[in-house]
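>
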Amino acid sequence: MSAPVVTVKMDDNLYRVHEIFQKHKFHHVLVVDGKTLLGVISDRDLLKAVSARIGSSSADARDLASFQKKVYQIMSRNLITINQDDTVLQAVRLFNRHPISCLPVVDENAQWVGIVSWRDIFKQIEQRKDATLLPADPSKI
1 MSAPVVTVKM
11 DDNLYRVHEI
21 FQKHKFHHVL
31 VVDGKTLLGV
41 ISDRDLLKAV
51 SARIGSSSAD
61 ARDLASFQKK
71 VYQIMSRNLI
81 TINQDDTVLQ
91 AVRLFNRHPI
101 SCLPVVDENA
111 QWVGIVSWRD
121 IFKQIEQRKD
131 ATLLPADPSK
141 I
């Protein structure tokens with residue numbers, strides 16, 4: 001699970017999300033209201049929502065205004081989550097079955113406690129001493 005977890009609120013603007021991604025080198029941020037999970041924003045969601053000219057010399061006031069959009073306008077709402085007591089294998093199954101790049105982690109009360117990305121899964125696999133060897137035939141993976 002990634003730590004620390006930095007969150008945003010639905011009414012925050014996209015510039016705040018941009019700042020978080022830049023400062024913390026995150027790829028996802030949870031959208032919350034207290035301990036209630038409302039959504040997720042990925043760096044790709046942000047890139048799609050703001051002007052492509054931002055950061056270039058050709059950016060104008062309209063381009064910069066795209067940062068004033070609100071989090072609720074672009075966040076993913078239909079979330080696939082994982083329980084904090086679930087296994088790495090259960091997380092892998094969810095990543096394989098759904099077009100997602102992160103899993104918000106929730107407790108028994110469905111309150112957010114963290115976030116797991118596919119990078120976190122790879123780190124877990126890398127740390128295992130008994131990792132299975134790749135088959136000679138890559139199509140068998």
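According to full-length UniProt numbering, the sequence shown is numbered sequentially starting from 1.
Quick reminder that beta carbons are idealized off the backbone N, C-alpha and C, glycines included.
Remember, predicted model here, so these are calculated numbers, not experimental data.
(1) Given this structure, state the Cα-to-Cα distance separating Q124 from R97, to the nearest angstrom.
(2) Just verifying my parser: in three-state terms, what is the DSSP assignment at D33?
(3) What did DSSP end up calling N96 once you bin it into helix, strand or coil?
(4) Using only the alpha-carbon positions, how far apart do K69 and T36 sit?
(5) Quick one: what's got a C-beta closer than 8 angstroms to D11's C-beta in the same chain, skipping five residues either side?
(6) Tell me whether the segment 93-108 and the segment 76-83 touch, counting them as touching only if at least three CB pairs, one residue from each stretch, are closer than 8 angstroms.
(7) Expressed to the nearest angstrom, what Euclidean distance is found between the alpha-carbon atoms of K48 and P104?
(8) Report the three-state DSSP secondary structure of K25 (helix, strand or coil).
(9) Rounded to the nearest angstrom, what separates S58 and V29 at their Cα positions?
(10) May I ask you to report which of helix, strand or coil DSSP gives L47?
(11) Among the candidates C102, A61 and I54, whose CA atom is the shortest distance from the CA of H18?
(12) Just verifying my parser: in three-state terms, what is the DSSP assignment at Q111?
On the basis of the coordinates in this document:
(1) Approximately 20 angstroms between the Cα atoms of the pair.
(2) In the three-state reduction of the DSSP assignment, D33 falls in the strand class.
(3) N96: helix per DSSP, three-state reduction.
(4) If you draw a straight line from the Cα of K69 to the Cα of T36, it is about 22 angstroms long.
(5) Counting only Cβ-Cβ distances below 8 angstroms, and skipping sequence neighbours, we find K70, V71 and Y72.
(6) Judged by pairs of C-beta atoms under 8 angstroms, the segment 93-108 touches the segment 76-83, as three or more such pairs exist.
(7) About 21 angstroms.
(8) Three-state result, K25: coil.
(9) Within the model, the alpha-carbon separation for S58 versus V29 is close to 29 angstroms.
(10) Helix.
(11) Closest by alpha carbon: I54.
(12) If DSSP states are grouped into helix, strand and coil, Q111 belongs with the strands.
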